[in-house]
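Everything below concerns the one structure shown next.
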Ligand SMILES: [Zn+2]
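In my numbering, the protein residues as written are 64 to 257.
As structure tokens, this is what we get:
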């Protein structure tokens, strides 16, 4: 459905999001350390995220986990429930509301997927991978195609602290995963048009 009404809605590409698939990493760390919770930070917004085994809080807003089995011998996949409607999602978008960043599902946040956004998504994700590799890891990426960048595993540059390297690697992996997802979506769309 397109038209005047939808134009008042936000463009989903402009919002940052929480990805429940990254929660598993924290849950493993919590188990390994034998602790009840871990504190992480949304660095872009300067907001603490407290992650427990069954739920987390983002700026004090509780987000409950929901685990789905995903095959024999593998860990259950973690999803998150939208704090507004309680439905299960992989992503919650951080929408500014009354000066606060509130995690909401796509529907509750009334976000659109404009038809152009998918193709932008691929290019934007490719540029993000490239920028990270060039600016942070000092990799010369002139000869690198986005598909090379997708699988690139940069070594720690001389003089970079281990902590910084780890954080940047996490950022790169996110960018790579988002590029992968955006590319698959664009490919599916293109196949549907045939
Ligand atoms: Zn919702």
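We put the beta carbon where it would ideally sit given N, CA and C, even for glycine.
Residue from the options whose Cα sits closest to the Cα of residue i
i           : options            : result
residue 153 : 249, 169, 142      : 142
residue 211 : 196, 145, 220      : 196
residue 185 : 232, 157, 241, 223 : 241
residue 260 : 169, 221, 190, 217 : Missing from the structure shown is residue 260; the chain here goes from 64 to 257 and no further.
residue 198 : 228, 214, 245, 173 : 228
residue 222 : 133, 200, 234      : 200
residue 160 : 236, 171, 226      : 171
residue 82  : 105, 97, 98        : 105
residue 147 : 215, 246, 173      : 173
residue 190 : 133, 150, 235, 247 : 235
residue 151 : 245, 84, 215, 216  : 84
residue 209 : 225, 226, 245      : 245
Where residue i falls, given that 16 or more other Cβ within 10 Å makes a residue buried
i           : result
residue 192 : buried
residue 230 : exposed
residue 116 : exposed
residue 107 : exposed
residue 254 : exposed
residue 261 : Past the edges of the chain, shown from 64 to 257, lies residue 261, and the structure says nothing about it.
residue 95  : exposed
residue 179 : Reliability of the predicted coordinates at residue 179 is poor, the pLDDT of 42 falling under 50, and no value is obtained from them.
residue 71  : Per-residue confidence for residue 71 stands at a pLDDT of 44, beneath the threshold of 50, marking its modelled position as unreliable; the derived number appears in the next sentence. Residue 71 should be labelled exposed.
residue 220 : exposed
residue 65  : Confidence at residue 65 is low in this model, with a pLDDT of 36, below 50, so the placement of that residue is unreliable and no value is reported for it.
Contact check, residue i vs residue j, beta carbons under 8 Å
i           : j           : result
residue 93  : residue 100 : yes
residue 155 : residue 145 : yes
residue 140 : residue 130 : yes
residue 89  : residue 126 : no
residue 233 : residue 188 : no
residue 218 : residue 243 : no
residue 103 : residue 112 : yes
Enclosing beta strand (DSSP E) for residue i [first to last residue]
i           : result
residue 209 : No beta strand (DSSP E) holds residue 209; the alpha helix (DSSP H) holding it covers 209-214.
residue 80  : 80-82
residue 132 : Segment: none, residue 132 is in no beta strand (DSSP E) and carries neither H nor E.
residue 200 : From DSSP, residue 200 is part of no beta strand (DSSP E); its letter is neither H nor E.
residue 119 : 118-121
residue 109 : No beta strand (DSSP E) contains residue 109, which DSSP labels as neither H nor E.
residue 163 : 163-167
Residue i: first and last residue of the uninterrupted alpha helix (DSSP H) it sits in
i          : result
residue 89 : 86-96
How do the stretch 112-128 and the stretch 155-169 stand: do at least 3 beta-carbon pairs fall below 8 Å, yes or no? yes
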